[in-house]
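So for the sequence shown, full-length UniProt numbering puts the first residue at 1; every next one is plus one. Glycine included, every Cβ here is placed at the ideal spot set by N, Cα and C. Structure first, then comments.
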Amino acid sequence: MDFSSWIRRRLLRNPEKTEIPDQPKQSNQTQAGDELLGVTQPLIDHIQTFTVDTFKNFRLQDDNGVTDADATPTNSSANLRQDLSEWQQRHATLVLSRVKELSQLRFMLCPRHLKERQFWRIYFMLVKSHIAKYELSAVQLAKLKKMETENDEPQHFSVYEVEMAETKQVASLSPSTP
1 MDFSSWIRRR
11 LLRNPEKTEI
21 PDQPKQSNQT
31 QAGDELLGVT
41 QPLIDHIQTF
51 TVDTFKNFRL
61 QDDNGVTDAD
71 ATPTNSSANL
81 RQDLSEWQQR
91 HATLVLSRVK
101 ELSQLRFMLC
111 PRHLKERQFW
121 RIYFMLVKSH
131 IAKYELSAVQ
141 LAKLKKMETE
151 NDEPQHFSVY
161 EVEMAETKQV
171 ASLSPSTP
């Protein structure tokens, strides 16, 4: 056995001991990103209590006669409905990757018992109390960013206007001679 393969095996066996102390931990950054999307431990605990019957027995209000055949097509990258907001899509993708129980429920329910759209409507109604403040802060942050970009647009002056403004400034600074 050569030295390099021994080191590789050693590193793969004990990944906790091989952390470099100067680099920030990836898990802290991941947890911060999860929190922005509302994926917290209380939410995960709440989701783990869901059963197939939780979704099957949930009564949905019909939203103005829109049927599932009229619904928008699925997003092919994550197989999520495009009727979800951007924040909801990111949240759904993250929660599916973090909570295996929800992923399994979705697999069992869609499309045999529920349409994809119905599944996500029920999910977001069930977790509304846990994620409302995160979604609201994301909407507020998006509005602030939009306002910043609108305010930071460069104002277009012609060269003539800039030269005239500089000339007026110099004229007002020069001392007048009697």
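Check, Outcome
"Evaluate Asn64 with the Cβ neighbour count: other Cβ atoms within 10 Å of its Cβ, from every protein chain shown; 16 or more gives buried, anything less gives exposed.", "Its pLDDT being 49, under 50, Asn64 is placed unreliably in this model, and the value from its coordinates should be taken loosely. It is exposed - the Cβ of Asn64 has fewer than 16 other Cβ atoms within 10 Å."
"Smallest Cα separation from Leu60: which of Leu141, Phe124, Asn151, Asp152?", "Phe124"
"Between the segment 40-56 and the segment 135-146, are three or more C-beta pairs nearer than 8 angstroms?", "no"
"What are the boundary residues of the alpha helix (DSSP H) that includes Gln48?", "Premise fails: Gln48 is in no alpha helix (DSSP H) and is neither H nor E."
"Using the beta-carbon count (16 or more within 10 Å), is Lys25 buried or exposed?", "Legend: pLDDT at Lys25 = 49, less than 50; position of this residue unreliable, value from coordinates given subsequently. With fewer than 16 Cβ atoms within 10 Å of its Cβ, Lys25 is classed as exposed."
"Report yes if the CB atom of Leu114 is closer than 8 angstroms to the CB atom of Asp34, and no otherwise.", "no"
"If you draw a straight line from the alpha carbon of Arg98 to that of Val139, how long is it in whole angstroms?", "23 angstroms"
"Going by Cα to Cα distance, which pick from Arg112, Leu109, Phe107, Glu116 is closest to Asp83?", "Glu116"
"Does Arg90 pass the burial test, meaning 16 or more other C-beta atoms within 10 Å, or should it be called exposed?", "buried"
"Measuring alpha carbon to alpha carbon, tell me which residue in Thr30, Gln31, Ile44, Leu36 is nearest Ser103.", "Ile44"
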